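Heads up: the structure comes next, in structure tokens.
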């Protein structure tokens with residue numbers, strides 16, 4: 011009897027240990043992602059991206075496309091992917107909107123406002139898949155709604171879809187996440 015009880019306690023402890031390890035890994039990943047924005051280097055990268063200028067998509071590709079400006083592409087890709095991963099973590103319940111608001115309140119919406127049309131045009135031309143950066147867009151939308159409440163003069167991005175689209179998107183089952 012004592013042996014069976016010992017096995018049960020060990021199995022329970024092992025399950026708790028695995029759960030805690032997974033939680034700690036998520037926290038470490040989140041901290042790493044947060045550092046990509048709030049570090050000195052991350053701040054410089056973001057300011058550089060926000061200072062980019064172009065007239066239209068063709069002008070953008072002549073100046074900044076990965077084929078002509080790989081350094082800019084790497085910086086852009088780092089920021090866009092970070093925003094997309096954070097959006098995915100928010101949708102999967104691993105991050106709360108309050109934490110994201112505290113750190114990224116204007117950065118993510120402003121980044122989407124600046125690059126949303128470029129991302130959408132890449133999708134139209136088949137250079138990005140349909141679902142690429144959709145979690146980035148969703149996070150920018152959610153933070154923009156809060157920002158609009160906090161600062162009524164804030165203009166929501168013209169590159170957001172309808173409220174109904176985002177409600178349906180929110181209900182979508184995320185790949186690789188048990189819900």
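In our numbering, the protein residues as written are 11 to 189. Glycine included, every Cβ here is placed at the ideal spot set by N, Cα and C. None of these values were measured; they are calculated from a predicted model.
Any idea what DSSP makes of residue i, helix, strand or coil?
i           : result
residue 174 : helix
residue 101 : helix
residue 116 : coil
residue 70  : helix
residue 183 : coil
Using 9 Å as the threshold, is the C-beta distance between residue i and residue j below it?
i           : j           : result
residue 117 : residue 56  : yes
residue 129 : residue 90  : yes
residue 139 : residue 176 : no
residue 88  : residue 46  : yes
Measure how close the beta-carbons of residue i and residue j come, nearest whole angstrom, since I'm counting them as under 8 Å.
i           : j           : result
residue 147 : residue 122 : 6 Å
residue 142 : residue 155 : With 8 Å as the limit, residue 142 and residue 155 do not qualify as a contact, their Cβ atoms being about 23 Å apart.
residue 169 : residue 127 : 5 Å
Between residue i and residue j, what straight-line distance do the alpha-carbon atoms span, to the nearest angstrom?
i           : j           : result
residue 99  : residue 36  : 9 Å
residue 61  : residue 30  : 42 Å
residue 153 : residue 16  : 49 Å
residue 181 : residue 77  : 37 Å
residue 189 : residue 68  : In this prediction, residue 189 scores a pLDDT of 46, lower than 50, which makes its location untrustworthy; the coordinate-derived value is nonetheless stated afterwards. Cα to Cα, the separation comes out at about 42 Å.
residue 65  : residue 73  : 11 Å
residue 115 : residue 104 : 18 Å
| Is it true that the region 94 to 108 meets the region 127 to 147, where meeting means three or more beta-carbon pairs spaced less than 8 Å apart? | Three or more beta-carbon pairs separated by less than 8 Å link the region 94 to 108 to the region 127 to 147, which places the two stretches in contact.
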